[in-house]
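Read the structure below first, then the notes.
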Amino acid sequence: MEKLKIFVVFSALVQLSLETPLNADLLQSKKDDRIENKNWKLKNGLYWYEQHNPLAFNDPPTTYRLPNNTLPVRYDIFLKTDVDKHDFNFYGQVRIQIRAMETTDTVTLQYRDMNVTKVTFLDMNGQVVEHDVPFEYVEPRYYEFLRISLPRIMTVDEKFVLEISYSGILNERQFGFYRASYTERDTEIYYAVTQFEATDARHAFPCYDEPGIRTPFGLEIQHDKSYNAYSNMKIASNITLEGTDYVVTKFEDTPLMQTYLLAFLVAPFEEVSNNNTQLPQKIIAKPSSIRNAEYAFSLPKLDPIMKALENLFAVNFTLSKLDHAAITQFAAGAMENWGLVTYREIALLFVPSEYPETDEFLQRRIITIIAHEDAHQYFGNLVSPHWWTDLWLNEGLATLYEYYIAHLVFPEWDFMQWFREREVYECFKIDISTAATSVPMSRYVEAPKDIDDKFDDISYGKGGVVMRMFQEAFTVSTFTKGLSKYLTEMSYKAAVPDDLFSSLQDAFKEDNPELVFDVAEHMGSWIYQAGYPLVRVSRSGNLLQFKQQRYMSGDEIYSIPLTYASKSQPDFNRTDARIWFTQKEIQVPQTLFGSAIDEWVIFNVQQVGYYRMSYSSELWYRIAKGLRHDLDKIHRINREVLVDELNIGYYILDELLASDVLEVLLYLDNEEHSEVWNRADLLLFTITEKLFATAVYEDYLKYLQFITRPQLERLGYEELAGDDHDTRLLRMILKTHNCHSLDDFCLSHESKKLELYMQNNQNPTPNFCLAFRTATLTTYIHYLNEITSNPDLYNRYSIVNGIACSLDKSHLQLLTVIIEDEKNDLENFERVMMIEYMLTSSIVGLEVGFDYLERNLNKISNFVVAIKEAINTQEYSEKLDALLDAALDESFISTEDAEEIRDAIKLNLEWQDKHFEAVREWIEDLDDKINETTEKPTTTIPSTTPDSATGMIASIVLILVSGTLIRFFV
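Mind the numbering: the sequence shown is residues -19 to -1, 1 to 951 in mature numbering (1 follows the signal peptide of the UniProt record, and there is no 0), read in order.
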């Protein structure tokens, strides 16, 4: 399913021997490579391959699991619906062939929201033995058990048939057997469709609704002849009931499969086929969607995706057809029903819009969703998990292969980059020890709500990310061979993780006969433990020292497949495990990674590993040198990752100085990739904010100019018609920081755009904050008049904010006069916003804004957030203390707000104590660092200090008449 049980037996736990230490050479050929001191199954309170209680449950029940006293052999289902007449009742009869697994006189099934009217007991020849068999809805009913009392005691392996008649209602919850609708020619048309995963098959018929139980299904549906019926299998017959408008559609028998994969659709839909005689695939949708060819993007993608899966795993799709149905109301997003995949319309059909980026995103999403559901035809359908504990066997593998197959078939779309963005980085966010979302991939759940909650980012995203790591660690060919064995050996069966491990173990042994390697132990450390590791690396003499811990605290130990590249071994395409790091701490000779003791080395090649790296400052400086001198050798993905990990070391772990960050990012003047800059974006903003209004701020702005100007000149300042998404993204990031640096290259462009915009609002809209920085007095007063007299001013919000960004003290003083005049048409929130922007946009703005606060002490509580951001120096901190004391005396600010400000300023000053001196020393050498590789920029920076103000305010007399400014020079 697209995102949008094991039994606890403590006494049966077997201790694993996991203490073997790592050999000195750390290579895969070591004799016994195991994880130390870990028993994940014990830690999670479960022994996952134990069956649940084989005895019938107590009365009342204490578990949502079915007893094991009987199992189904086959279902034959008959359903009748009049949904075409807006009659939302449905009627059903199911015959279940059953085998007794132990001596019993009861059968327990699951049901939901239905009325059972009769139960008949038959022998295996279809002869009625008992017409009215007693049954009961077991209390409490939220367990959803239907218990049937048999007419006699059944012995082990004895078979019999129960025929159950019942009725239900097509609900509106978009789960179970439900009704959906669409409007065509002003008429609302209803139809019936199913969504059974995870526990909703029981809404359509009483059944053994558990994922590990597989049987064949026979299905017949009686419906109006104006509607079509679709299901997992081809239609075996269509019989019109004489004298009526009803048709009975009978389908071929399904293969052995679990209840949640059964699907049916009764609707007046139309279809279009791919005309493939080997595997017919159709798109089914409401008539208008077919008429408008909304299938045109998806239909040609069906064959290549399925063929790629068949070729990759050397396992053919096993059914005789594969339909893809677009459903108008479909909460699940998409569902892999074997032979009849159902989708939310937007996930299968494509209607072009006027927005190319939106269209590209939707097309990418359609491809990956089709690939995800096709991957499920193998992982989930051909082989299913024994219980929801191991849902990742379905969803994790389907998530990996939705991107991997899409990338194989459509390499120009770079779907594996999408995988990193949408899955890897997302998992890094949610799978941390402080988050409730961080739980083991394999964990026991039982109640339907808890089962639904398993369809989360851990089962999908982390499952895919961890499988991707082992795909690369074992090599793609070995991992694929293992999966092929798994699919072949476990076809039509329910699996547990050991089944997958066993197949991968066989493949690994075939490809690496000389190695001793326990797949289950290495993979188990990731599947039965939450979180992911942080690997710290530092130098000690001629050794590199590695330490691991769970990211954001925790004592878990993971089996980490370390990969690396270095100056002398710059092979960033080798992604198989070079070292298995299975202990808390190890030391490795530096010479393993390169010939020179001081050369750069980078770990986690292309970030195929699900772990974070933390380099010591010394190693970071080596990497920084490599980025400046060996940029073409270092893979773009690893440059992206390095910036991410730089942010972690500086901002999250607080182990790096801001000067370390500046040293590493100095190479960005040569960085052309948007994703790398995207990672650097927030990091640069954070440091810019901390250095604002300090003694090094203007020199720091030169640094920003140096790293941004070359790439911005290369791209061009203004957007071009043929620019792709990455180019537009990169230009936006570069412009933001270049303009923040007050580079003439930016400010002149924005100032000119403002002059043109003032003449005609239809001209390109400037960034008003940037444009007003160097605006002429004439332009500035024009817009002051506009904001005070024209409440309907086009782009008013942006202009009101931007006008406070000026670098001219006289302009800002003029603005404060307007803000303080409460007779004009400015809204109160606009006055507050302008002072906030003034305080945080420039040094001169901070001075003028602070003067405003001193004159308007009664309004200080409006500016708590801006003050916290703006004050980074001891001088202003002392001024602010006095201001706050005065405001507290007059009750102009609450004690809580004053303390909040003081606490924030204290943190800002603590940052200065830790980082400022190192930054100052580093920036003093900036010119020398720049001159190592390139010429220094010649751009000048407009001064942002108070002394730079023109002083024109002294030579202007301001008269405010009806909200309009009139100038008189004296």
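Even glycine gets a Cβ: it sits at the ideal position worked out from N, Cα and C.
From a predicted model like this one, the values you see are computed outputs, not experimental measurements.
{"Query": "Measure the beta-carbon distance from residue 735 to residue 752 and round it to whole angstroms, keeping in mind my assumption that it falls under 8 angstroms.", "Result": "4 angstroms"}
{"Query": "Considering only heavy atoms of the ligand GTP, does any lie closer than 7 angstroms to the CB of residue 81?", "Result": "As presented, the structure is devoid of all ligands, the ligand GTP included, so that no description of it is given."}
{"Query": "If contacts are defined as beta-carbon pairs under 8 angstroms, then residue 143 and residue 134 qualify, I think. What distance do you get, rounded to the angstrom?", "Result": "Not confirmed; about 15 angstroms, so no contact."}
{"Query": "Considering only the beta carbon of each residue, do residue 271 and residue 304 sit closer than 8 angstroms?", "Result": "no"}
{"Query": "In angstroms, rounded to a whole number, what distance separates the CA positions of residue 819 and residue 792?", "Result": "11 angstroms"}
{"Query": "In the DSSP assignment, find the unbroken beta strand (DSSP E) run with residue 96 in it and report its ends.", "Result": "95 to 103"}
{"Query": "Could you tell me whether the region 708 to 722 touches the region 655 to 674, where touching means 3 or more Cβ pairs closer than 8 angstroms?", "Result": "yes"}
{"Query": "Just to confirm before moving on: does the CB-CB distance between residue 852 and residue 815 stay below 8 angstroms?", "Result": "no"}
{"Query": "Measure how close the beta-carbons of residue 547 and residue 575 come, nearest whole angstrom, since I'm counting them as under 8 angstroms.", "Result": "4 angstroms"}
{"Query": "Is the region 173 to 183 touching the region 111 to 121, taking contact as three or more C-beta pairs under 8 angstroms?", "Result": "no"}
{"Query": "Note down, one range per segment and in chain order, each alpha helix (DSSP H) of at least 4 residues found wholly within the region 640 to 674.", "Result": "655 to 672"}
{"Query": "In three-state DSSP terms, what is residue 953?", "Result": "Examination of residue 953 is not possible in this model, given that the chain is present from -19 through 951 alone."}
{"Query": "Quick one: what does DSSP say residue 255 is sitting in, helix, strand or coil?", "Result": "coil"}
{"Query": "Along the chain, where does the beta strand (DSSP E) that runs through residue 73 open and close?", "Result": "70 to 81"}
{"Query": "Do you know offhand how far residue -18's Cα is from residue 278's?", "Result": "19 angstroms"}
{"Query": "Do the CB positions of residue 956 and residue 365 come within less than 8 angstroms of each other?", "Result": "Absent from the structure is residue 956, since the part of the chain shown begins at -19 and ends at 951."}
{"Query": "Rank 862, 625, 240 by C-alpha distance to the C-alpha of residue 952 and give the top, closest one.", "Result": "Absent from the structure is residue 952, since the part of the chain shown begins at -19 and ends at 951."}
{"Query": "Give the single residue among 384, 763, 773, 528 whose Cα lies nearest to the Cα of residue 349.", "Result": "384"}
{"Query": "Terminal residues of the continuous alpha helix (DSSP H) containing residue 342?", "Result": "337 to 357"}
{"Query": "Would you call residue 810 buried or exposed, if buried means 16 or more other Cβ atoms sit within 10 Å of its Cβ?", "Result": "exposed"}
{"Query": "Alpha carbon to alpha carbon, how far is residue 883 from residue 850? Give it in angstroms, no decimals.", "Result": "11 angstroms"}
{"Query": "Check for me: the beta strand (DSSP E) holding residue 219 runs from which residue to which?", "Result": "216 to 221"}
{"Query": "Given a threshold of 16 other Cβ atoms within 10 Å of its Cβ, counted over all protein chains shown, does residue 748 qualify as buried or as exposed?", "Result": "buried"}
{"Query": "Am I right that residue 198 and residue 235 are in contact with their C-beta atoms under 8 angstroms? What's the rounded C-beta distance?", "Result": "4 angstroms"}
{"Query": "Determine the direct distance from the alpha carbon of residue 643 to that of residue 1014, and round the result to whole angstroms.", "Result": "With the chain running from -19 to 951 in the structure shown, residue 1014 is simply not present."}
{"Query": "Give me, in chain order, the residues of the same chain whose beta-carbon lies closer than 6 angstroms to that of residue 373; leave out the 5 immediate sequence neighbours on both sides.", "Result": "422, 440, 444"}
{"Query": "Taking 8 angstroms as the threshold (C-beta atoms), are residue 217 and residue 232 in contact?", "Result": "yes"}
{"Query": "Is the beta carbon of residue 598 less than 8 angstroms from the beta carbon of residue 662?", "Result": "no"}
{"Query": "Using the rule of at least 16 other Cβ atoms within 10 Å of the residue's Cβ for burial, across every protein chain shown, is residue 415 buried or exposed?", "Result": "exposed"}
{"Query": "Could you check which residue in 855, 322, 856, 812 has the C-alpha nearest to that of residue 837?", "Result": "812"}
{"Query": "Got a sec, what are the start and stop residues for the beta strand (DSSP E) residue 157 sits in?", "Result": "157 to 165"}
{"Query": "Rank 352, 630, 334, 563 by C-alpha distance to the C-alpha of residue 322 and give the top, closest one.", "Result": "352"}
{"Query": "Going by DSSP in three states, residue 238 sits in which element: helix, strand or coil?", "Result": "strand"}
{"Query": "Cutting at 6 angstroms between CB atoms, please list the residues of its own chain near residue 324, excluding the five before and the five after it.", "Result": "307, 315"}
{"Query": "If you draw a straight line from the alpha carbon of residue 694 to that of residue 659, how long is it in whole angstroms?", "Result": "18 angstroms"}
{"Query": "Buried or exposed, going by whether 16 or more other CB atoms sit within 10 Å of the CB of residue 14?", "Result": "Any reading at residue 14 needs caution, since the residue's pLDDT is 34, under 50, leaving its predicted position unreliable; the model's value is listed next. Buried, since its Cβ has 16 or more Cβ neighbours within 10 Å."}
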